[in-house]
Amino acid sequence: MTDTAAHRQIQKLQRAIVDGLEDVKAQDIQVFNTEAITPLFERVIIASGTSNRQTKALAASVRDKVAEAGFAKPRVEGEDNGEWIIVDCGAAVVHVMQPAIRQYYRLEEIWGGKPVRLRRAAPRAATPSAAGAAAPRASASRGRRSAADDAA
C-alpha cells in the first residue's frame, strides 16, 4: 500500500470513528496523530460521555460505524464498567471516558499537546422517512470542529 493510500485509509477510519461518536453526542472529541510516537497505531481518539449508558452507546456506535466502513470489527474493553471504554480499531484506538476519569488520567498529555485539526463533515442527506423531521445536527461541544479528515 502506498503512503497516499495508507493515509486515505487512516482518514476513512478516523472519519468513521468520529461519525460514530458524534451520532451519540460525544463531548470534547479529540484526535491525536501518534505516527511519530508509536508504531502500534496511527491515531488516538479521546471522547467523553456523561454516564455509563452513554459511554456504552458511544463504544457500540463506533464499533458499528467502523464495521460499516469496511474495517475489521474492533475489539472493545471496559464495557462492563462503562467509566472508561477502549475501542481498538487497529490503526486507531478510541478512549471513551466519563469526565471525572478523563480529568484524572489526562491522556491528552501523553499523546501530545496538539490534536489533529478536524474539518466539518459534508451535510448528510435526509432520508425520505425522516424528511419531515430533518434538522441540522448540533455539535455536542460548541466551538469545536466536527469532522476528522485532516491528519496534520
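Heads up: the sequence shown runs through residues 936 to 1087, numbered per my numbering.
Every residue gets a Cβ at the ideal spot worked out from N, C-alpha and C, and that includes glycine.
In the three-state reduction of the DSSP assignment, residue 1033 falls in the coil class, being assigned neither a helical nor a strand state.
Listed in chain order, the non-local C-beta contacts of residue 994 below 7 Å within the same chain comprise 1011, 1014, 1020, 1022 and 1031, local neighbours out to five positions each way being set aside. The C-alpha of residue 944 is placed about 12 Å away from the C-alpha of residue 978.
In the DSSP annotation of this structure, the continuous segment of the beta strand (DSSP E) that includes residue 982 starts and ends at 978 to 983. For residue 1003, the enclosing alpha helix (DSSP H) stretches over residues 987 to 1003.
Ranked by Cα distance from residue 958, the options 946, 982 and 1034 are led by 982. Residue 1044: member of the alpha helix (DSSP H) spanning 1042 to 1046, first to last residue. Of the candidates 997, 963 and 1007, the residue whose Cα lies closest to the Cα of residue 1037 is 963. In this structure, the CA atom of residue 974 is about 15 Å from the CA atom of residue 938. Under DSSP, residue 1020 shares a beta bridge with 1031. Counting along the chain, residue 1012 sits inside no alpha helix (DSSP H); it lies in the beta strand (DSSP E) bounded by residues 1010 to 1012. In the structure shown, residue 964 falls within a strand segment according to DSSP collapsed to helix, strand and coil. Annotated three-state conformation of residue 940 is helix, per DSSP.
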